[in-house]
Ligand SMILES: [Zn+2]
Ligand SMILES: [Zn+2]
Ligand SMILES: [Zn+2]
Ligand SMILES: [Zn+2]
């Protein structure tokens, strides 16, 4: 029904042009993606080139000059100096380069991406939400969710912690809701408690339209219906937990979104007037793209709102409130640009529909790091609690890296709150503890130099610098 | 200056009688302590007796009949039945008996201890506090803190989580404060937000008057000044974290208390009018006992209040507010009963001034389990984060049990909130995860049968039953 290259129905060979596409934004995002991918892609050929020179006279100097030119930084001196004795320790250099590239790329991203402005906060408030909290699956293919797929201003999202299968921790989320509420009551931030606004919790699951049985969500056995149902159940548990503990009316709205990781198109489950969603009532944005690509902007916009109404009408239920309708319409329209982005850049579908990550990102994760398939992310406080998610990541990277003799780069990152005394010190301690636990869990890989850990901390405030932390593998700490 | 048996200054050979002692309460507490200690004390002799019969004809029946009579429950059948082949597995029976005794003792305690009533809540509110949160050191000798040493109604305390060295987790405590505040704002529970009441955070450190250099707080190298200073610093970090994050005035009061674990007498650090405390400004309740034991009740009471005022007068600072003064006076007066309790029952000082615990209690801990030196307690979510505290416990029990061939009983206990969907299931999962981590950390002990884990969960509501959970060692689960 949907063609292999679904966004390109009506333009034979020609690139598509949807009337609602934000062309300027697509251009900027493309530049950012190219910058990030370029830096990572340079690592392997550069090291190969350097390795080929290791018997030459002034090896250290030439190696560093190549590294500066191709990678943008110098390599750790020790392996270069020692190369003449035992051969070049490519694994150590690879690990160090990946860790250094992460910081380089984040610095550049922070410089490129516009700071979020008051309009962005105003948008959510206009829809009736004082806080928006999004839980995607930790799958690396959703790493571009906020900035690319949904085109939302990252800093205005209350939380975007990812969990395997989007199965978020209910207690953790209730605690965040409580904190948000208290800010409204005590400080009227962002609006007073009696302003009639709500807290919005979104869950994002994913599936693969090209290979649904294999490239969907691993945490749910690549079963898209199961993934959706699990998300729906968890959302309802969250809402019920709040209602049961705080006797409060429905001050929480929930929303379920599916992402086709092959095309980045979304599917939004439309709530009814009571906020209830079903597995089968959704608006498919691929279809909407096809239906609106030849219209003028106003008609296209009307059609988006119609699609939302049609969904609840077809089910003979009342539709969601005005603010929710506007929010959904905006998400759909934003995502039309991304459908076209994937179309224009990748011919409709990503070539790497499966795993193809560069690093395992562990801890709180990098907010700046929003490019698809760049990181396999495990949100964790302790290895003990998240060992299954980590094992999956190690398995993926055994195939991606270890089989070619390259190490698995594990980047540990925790955020702290400089307003809380001792918080930074505790986040550093946490990096070290998690690092030790990872090395002990995957001891064999680590001892062969096939698993390399780096660690960084960062203040909570948006745009804060990334601070590298020395773990015991001094080599990487010094880069 | 303070005599070896400090509470007995003026009665040569005669038991002391302080005019403010709550004799009826002392009597009840003594009965409760005797019940608890009696059940644990019965385990070893009973198993020895049973072991001596193992070659007899109807061994299983006689063993069970002895167990029922002496311990109050039947032993697991398997080791008794198999005894004729490999000899009696005393380690397994000991572990099972300890786990079963814990539940028996808690059931009995729940039946004995009066439910807390509205007067108790009213007392704290009268002092100006809508919530009281106490952090003691996790040392087993403070296990009787709330019910015995301070004589406070347990259910009205917001939290009493213990940490090694009383070094509580600031983030965790701020989250609890936030939740308490939201309840006031949203639900006016226990009083509306504008009632002018405060949140009180108490830290309790400890020291040994008999052997200060060895039997003080292990977490602070048995240095009482260091223990007090660490508590003071942590309290100030907590207050600052709240002020920095919520811009709110001093809605939090803090209080530092020291306990002499040899006599159970307390020392209260007296805050000034700004809530500031110092290491050297305190009221010593042993001294107060001596100074008031021969007075009439009214004069004794006046003297307690005078001691509080004298402390700040001597420092030439203004004293704390009326509510804080009343709270401190009440704590001191309550503790006078405990000083006399220890005097009457143990001749002024405990005979076991060092470690003498029966179990390692891990997780959330048993609120009902308030008898000194009964449990070495490690409050934890994961073994990974608390491995140092656990190692200390294992070391203590290696000396107490393993050297005599008896296993270390580790009792894992987590509470859940039945109002939160899935919370009970998650607490059970947590029991199993922590159990696995403990067995893997102390693999050798476990494989020799020298470490035995049991697990239980319990709803948050005060007085909820203890629910045993099967770990993989089926034997204990079945008892
Ligand atoms: Zn196209
Ligand atoms: Zn997934
Ligand atoms: Zn006496
Ligand atoms: Zn201690």
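Protein chains in written order, with this note's numbering: chain F, 1 to 479; chain L, 1001 to 1479. C-beta atoms are modelled at their ideal positions from N, C-alpha and C, and glycine is treated no differently.
Expressed to the nearest angstrom, what Euclidean distance is found between the alpha-carbon atoms of residue 1/F and residue 397/F?
At residue 1/F, the pLDDT of 41 sits below 50, so the modelled position is not reliable; the number obtained from the coordinates is stated separately. Rounded to whole angstroms, residue 1/F to residue 397/F spans 35 Å at the Cα level.
From the beta carbon of residue 1422/L, is the nearest beta carbon of chain F less than 8 Å away?
Answer yes: the Cβ-Cβ gap between residue 1422/L and chain F drops below 8 Å somewhere.
So which residues of chain L does residue 241/F contact, with C-beta pairs closer than 9 Å?
Per Cβ cutoff of 9 Å: 1417, 1419, 1420, 1421, 1422, 1423.
Figure out for me which residue from 1081/L, 1163/L, 1196/L has the closest Cα to the Cα of residue 1362/L.
It is 1163/L.
Count the other C-beta atoms from every protein chain shown that fall within 10 angstroms of the C-beta of residue 448/F, then say buried if there are 16 or more, exposed otherwise.
Per the 10 Å Cβ criterion, exposed.
Got a sec: is the Cβ-Cβ distance from residue 1472/L to anything in chain F below 8 Å?
False, the Cβ-Cβ gap to chain F never drops below 8 Å.
Can you give me the Cβ contacts of residue 256/F inside the same chain, cut-off strictly under 6 Å, excluding the 5 residues immediately before and after it?
These residues qualify, in order along the chain: 203, 231, 232, 269, 277.
Out of 1292/L, 1282/L, 1297/L, state which residue places its alpha-carbon closest to the alpha-carbon of residue 1308/L.
That would be 1282/L, whose Cα lies nearest to the Cα of residue 1308/L.
Would you say the segment 406-421 of chain F touches the segment 450-470 of chain F, given that touching needs at least three Cβ pairs under 8 Å?
They touch, by the three-pair rule.
Give the residues of chain L in contact with residue 382/F, contact being defined as C-beta atoms less than 7 Å apart.
Per Cβ cutoff of 7 Å: 1382, 1384, 1385.
Bridge partners of residue 467/F, per DSSP?
Answer is 457/F, bridged to residue 467/F.
When Cβ atoms are compared, which residues of the segment 173-203 of chain F fall closer than 8 Å to chain L?
Cβ contacts with chain L come from 174, 175, 178, 179, 181, 182, 183, 185, 186, 187, 193.
Is the Cβ of residue 247/F closer than 8 Å to any Cβ of chain L?
It does; some Cβ of chain L falls within 8 Å.
Can we count residue 1218/L as close to ligand 4, meaning its CB is less than 7 Å from some heavy atom?
Flag set: Cβ of residue 1218/L near ligand 4.
Put residue 330/F into one of helix, strand or coil per three-state DSSP.
Of the three classes helix, strand and coil, the one that applies to residue 330/F here is helix, per DSSP.
Give me the Cα-Cα distance between residue 1135/L and residue 379/F, rounded to the nearest whole angstrom.
Going by the C-alpha atoms only, they are around 29 Å apart.
For residue 148/F versus residue 332/F, is the C-beta spacing smaller than 8 Å?
No.
If the cut-off is 7 Å on Cβ atoms, which residues from the segment 434-456 of chain F count as contacting chain L, listed in chain order?
Taking 7 Å as the Cβ-Cβ cut-off against chain L, the residues of the segment 434-456 of chain F that qualify are 437.
CB-CB under 7 Å to residue 106/F, same chain, minus the five flanking residues each way: which ones, in chain order?
Cβ neighbours of residue 106/F beyond the five flanking positions: 366, 368, 369, 466.
In its own chain, which residues sit with a C-beta less than 6 Å from the C-beta of residue 1462/L, not counting the 5 before and 5 after it?
Excluding sequence neighbours, residue 1462/L sits near 1155.
Using DSSP with H/G/I as helix, E/B as strand and the rest coil, what is residue 1273/L?
In this structure, residue 1273/L counts as coil in the three-state DSSP scheme.
Which chain L residues sit within Cβ distance under 7 Å of residue 276/F?
Simply none; closest approach about 16 Å.
Is there a C-beta anywhere in chain F that falls below 8 Å from the one on residue 1171/L?
Yes, because at least one Cβ of chain F sits closer than 8 Å to the Cβ of residue 1171/L.
Residue 1237/L touches chain F at which residues, Cβ-Cβ below 7 Å?
In chain order: 421, 422.
Counting only Cβ pairs nearer than 9 Å, list the residues of chain L close to residue 244/F.
By Cβ distance, chain L contributes 1417, 1418, 1419, 1420, 1421.
According to DSSP, is residue 360/F part of a helix, a strand, or is it coil?
Residue 360/F falls in the strand class under three-state DSSP.
Residue 86/F: buried (16+ other C-beta within 10 angstroms of its C-beta) or exposed?
With fewer than 16 Cβ atoms within 10 Å of its Cβ, residue 86/F is classed as exposed.
Reducing DSSP to helix, strand and coil, say where residue 135/F ends up.
Of the three classes helix, strand and coil, the one that applies to residue 135/F here is strand, per DSSP.
Below 8 Å on the Cβ atoms is my contact criterion, and I expect residue 1234/L with residue 1167/L to pass it. Report the Cβ-Cβ distance as a whole number of Å.
Going by Cβ atoms, the distance from residue 1234/L to residue 1167/L rounds to 6 Å, so yes, they are a contact pair.
What is the DSSP secondary structure of residue 94/F, reduced to helix, strand or coil?
Looking at residue 94/F - three-state DSSP - the assignment turns out to be helix.
Going by CA-CA distance only, name the one from 127/F, 42/F, 58/F that's closest to residue 73/F.
Cα-wise, what sits closest to residue 73/F is 42/F.
Rank 377/F, 389/F, 301/F by C-alpha distance to the C-alpha of residue 21/F and give the top, closest one.
With distances taken between Cα atoms, residue 21/F lies closest to 301/F.
Would you call residue 1084/L buried or exposed, if buried means 16 or more other Cβ atoms sit within 10 Å of its Cβ?
It is exposed - the Cβ of residue 1084/L has fewer than 16 other Cβ atoms within 10 Å.
Nearest CA to the CA of residue 464/F: which residue from 439/F, 415/F, 427/F?
Nearest of 439/F, 415/F, 427/F to residue 464/F, Cα basis: 415/F.
How about residue 381/F: is its Cβ closer than 7 Å to a heavy atom in ligand 2?
Every heavy atom of ligand 2 is 7 Å or more from the Cβ of residue 381/F, so no.
What is the DSSP secondary structure of residue 1242/L, counted as helix, strand or coil?
Residue state, collapsed to three classes: helix.
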